[in-house]
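Trainee: For the sequence shown, counting from 1, position 106 maps to 106 in our numbering; every step adds exactly one. Could you have a look at this structure, given as structure tokens, before my questions?
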Amino acid sequence: VIYVPQFIGDIYDEILRENYPYLNLVSNESSYVYNDKYPMGVVCDQAPGVGEKVPPGTEIFLYISMGERMDKMPKLAGYSAENADSILKAMEIKLTILIEKEYSDEVPEGYVTRTDPEEDTELKNGRVVTIYVSKGPRLVQVPNVKGASAANAAASLNARKLEVQTREDYSSTVSAGYVISQSPEAGTEVEEGTVVTITVSKGKQTITLFGVTGKTEEEATDLLTSQGLSVKTETEHNNYVPAGQVLRQSPEGGEEVMPGSTVTLTISLGPVPPPSTSEEPSESTTESSEAPEPSESESEGEETP
1 VIYVPQFIGD IYDEILRENY PYLNLVSNES SYVYNDKYPM GVVCDQAPGV
51 GEKVPPGTEI FLYISMGERM DKMPKLAGYS AENADSILKA MEIKLTILIE
101 KEYSDEVPEG YVTRTDPEED TELKNGRVVT IYVSKGPRLV QVPNVKGASA
151 ANAAASLNAR KLEVQTREDY SSTVSAGYVI SQSPEAGTEV EEGTVVTITV
201 SKGKQTITLF GVTGKTEEEA TDLLTSQGLS VKTETEHNNY VPAGQVLRQS
251 PEGGEEVMPG STVTLTISLG PVPPPSTSEE PSESTTESSE APEPSESESE
301 GEETP
């Protein structure tokens, strides 16, 4: 009977077989195993075990360490979080898997953005691997910039990593240079980099009034109403401007007026008519101009010579 000696911890290639003539030291392809405790090439286990009683010639099967089991980190970016977790758990080495979430503009929500360690890094048993999973783009709340100056509105939006597009429009209530409206509206949650359009006031809209003096009433009215203006007319006689033409207008041509304003036109009636110089003859005048007829007594007293 032989007591099995200890081979664990010996470098396999340095074991001298002649020192153990009564034992048959055996190893094969299956003898090579990963072992976290013993370096590569060192006997990490044996069967039968140390101190066991065996008859001479017994085979002693030796297990040789290949060192810590190592594998390479697979490419997981772009995989769903569930698939990435399954791939790591299916590896032959044991890993501690952590999942962290982060915002991403490029990777859809629920998919892997990156890993720590990176792809192709050698892994050992027990290594901590962190999978970073996308929460989608970071959302920000659009601030209220209505009524702010254009410069302050842009600064407020840029501070929230929003882009600004500016348009201009007339406003009768908002001073020039200040924001009339915005799109999207205040309080809307949008992705960083979203374009917010602000409409900035150009002040009140005015119209440059056409000059219509000398035109006919019809022509003048057509021109002014085409500008969105109302027309009121007055008339007066004028010895130099033909009847039906505009003598003057108020406000005058070239002035700036608000849409819907009223323009008063003074229309010529032509020259003042001259006073009448002929009078109807009176009845007494007509009668006195006629010759009187002879009386009856006068006719009878006449004698023919």
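Beta carbons are placed, not taken as given, at the ideal position from N, Cα and C, and that holds for glycine. From a predicted model like this one, the values you see are computed outputs, not experimental measurements.
Could you give the C-beta distance for T208 and E256, rounded to a whole number, given that I count them as a contact under 8 Å?
Mentor: Going by Cβ atoms, the distance from T208 to E256 rounds to 6 Å, so yes, they are a contact pair.
Trainee: How do the segment 161 to 176 and the segment 120 to 127 stand: do at least 3 beta-carbon pairs fall below 8 Å, yes or no?
Mentor: no
Trainee: If you run the structure through DSSP and keep just helix, strand and coil, what is K146?
Mentor: coil
Trainee: Could you check how far apart the C-beta atoms of T266 and E236 are, in whole angstroms? I think they sit under 8 Å.
Mentor: 6 Å
Trainee: At 4 residues or longer, and completely inside the segment 215 to 240: list those alpha helix (DSSP H) runs for me, N to C.
Mentor: 217 to 226
Trainee: Considering only the beta carbon of each residue, do Y178 and V200 sit closer than 8 Å?
Mentor: Yes, the Cβ-Cβ distance between Y178 and V200 is below 8 Å.
Trainee: Under the DSSP definition of a beta bridge, which residues are partnered with I99?
Mentor: I131
Trainee: So, are the CB atoms of K215 and V263 less than 8 Å apart?
Mentor: no
Trainee: Would you kindly check if the distance between the Cβ of I2 and the Cβ of V54 is under 8 Å?
Mentor: The answer is yes: Cβ separation under 8 Å.
Trainee: Span of the alpha helix (DSSP H) holding K89?
Mentor: 81 to 89
Trainee: Can you grab the Cα-Cα spacing for the pair P137 / A159, in whole Å?
Mentor: 17 Å
Trainee: Using 8 Å as the threshold, is the C-beta distance between G67 and V4 below it?
Mentor: In this structure, G67 lies away from V4, with their beta-carbon atoms at least 8 Å apart.
Trainee: Taking C-alpha atoms, which residue in I15, N35, Y34 lies nearest to V26?
Mentor: I15
Trainee: Measuring alpha carbon to alpha carbon, tell me which residue in E106, I87, P259 is nearest L229.
Mentor: P259
Trainee: With a CB to CB cut of under 7 Å and the five nearest residues on each side skipped, what residues in its chain are close to I11?
Mentor: The residues are G41, V42.
Trainee: Per DSSP, what are the beta-bridge partners of F61 in this structure?
Mentor: V26, A47
Trainee: Would you kindly report the start and end of the unbroken beta strand (DSSP E) that includes L247?
Mentor: 246 to 250
Trainee: With distances taken from CA atoms, which of V145, S86, N152 is nearest T96?
Mentor: S86
Trainee: Alpha carbon to alpha carbon, how far is D105 from D71?
Mentor: 31 Å
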